[in-house]
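In this note's numbering, the protein residues as written are 465 to 882.
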């Protein structure tokens, strides 16, 4: 902090921002040739075989120069609700409507709105999980963040019965998590997710579930376009305490559009929209109008089928390449586009996440040290060494040629230390 600016606090960088800032000190720029960014949190955004054509231009109507409604354009809210009903609620009597949807200008904004809507409760969050949760959970002082440890030796499993013990024992009013998990790739799905929703419903505990990677699923399936959502297991859309976050960022591969949504009970969505009125004022009207053309069940299925083919191949390449280097993977990713691995068996200094990261930067490869995912809002747990200090997150979001080059450079780096 600059001398004299005592009114401001130092704001820490999230994991991805930290590693890209460090890389920029060594010449990295987005789009710069020669760099392999395995730290990136976005998928490749170009054309994929079998995917719908990419949107490359959009008209801007005269009234698009005006503000959009804070909860979002009504037609986009209707499109999101209809898509969820088509994908996840066929045959169920309770359906989502536009009033169950709020549109935001990015994933962090949607989470921020929800956090601002919470009361004086204990909010459970898991370790490890998405790095941006750390500051999000510290900004608002009304609720108390309660960490819940996931164990690598158990593959980060957390069955419904254990969830209920945490809720009752810690007096939790809500649970926040990414599903599939960023960074581990663990998926709570099927019977397990059904059990989670039932436990939360029975104990009046809200589920705040970040489903931004829910179309990147890797478990065996007969479905060419597998997806999962807590929306599938909700009994009554206005009574069950389930709040879902998703958007065009990952599952549609349009991160630059900054179009996301929150789906949940009408009364909660009203509060979320009210929070948006003082936090961010609403999203981009032209982008929301354009989003109406791609938010549909048919588009989602076609895009997901292409993702499953292309990213599934990249997943196998990344997994086999990292294991050949000597990394230990606690659990092969069941969702998302990351591999979470331990470098403890590698020669020093590559046997810590930060040591590996620094050495890889010298070869123009960006990774993310695991300690950033040990979410510790307000440093309430002190500055003790992280349980995940020997872990690293590797993204297979980039194009396949980038993965090939990066794995080759990392292999040379490890060989040079042996």
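Ideal Cβ positions, reconstructed from N, Cα and C, are used throughout, including at glycine.
| query | result |
| --- | --- |
| Rounded to a whole number of angstroms, what is the C-alpha to C-alpha distance between residue 783 and residue 803? | 7 Å |
| Pull up the distance between the alpha-carbon of residue 499 and that of residue 703, whole angstroms please. | 49 Å |
| With DSSP collapsed to three states, give me the class of residue 693. | coil |
| Which residues mark the beginning and the end of the alpha helix (DSSP H) in which residue 733 is found? | 730-743 |
| Return the first residue and the last residue of the beta strand (DSSP E) that residue 805 is part of. | 802-806 |
| To which residues of the same chain is residue 717 closer than 6 Å at the C-beta, ignoring the five residues directly before and after it? | 507 and 509 |
| Going by C-alpha to C-alpha distance, which of 585, 586 and 773 sits closest to residue 511? | 773 |
| Using the C-alpha atoms, what's the distance from residue 566 back to residue 722? | 14 Å |
| For the alpha helix (DSSP H) that contains residue 478, what are its first and last residues? | Residue 478 -> no alpha helix (DSSP H), and no H or E assigned at all. |
| Name the one or two DSSP bridge partners that residue 706 has. | 671 |
| Find the nearest neighbour of residue 720 within the set 732, 738 and 747, judged by alpha-carbon distance. | 747 |
| When the distance is taken between beta carbons, is residue 643 closer than 8 Å to residue 602? | no |
| Return the CA-CA distance between residue 465 and residue 477, expressed in angstroms with no decimal places. | Confidence is the limiting factor: at residue 465 the pLDDT is only 43, short of 50, which leaves the residue's position unreliable, though a coordinate-based value still follows. So the alpha carbons of these two residues sit roughly 14 Å apart. |
| Could you give the distance in angstroms between the alpha-carbon of residue 487 and the alpha-carbon of residue 690? | 35 Å |
| Taking only three categories from DSSP, how would you classify residue 725? | strand |
| Need the endpoints of the beta strand (DSSP E) that residue 857 sits in, please. | 855-859 |
| Should residue 538 be counted as a contact of the ligand PLP given a C-beta to heavy atom distance under 7 Å? | Among the ligands in the structure shown, none appear at all, so the ligand PLP cannot be discussed. |
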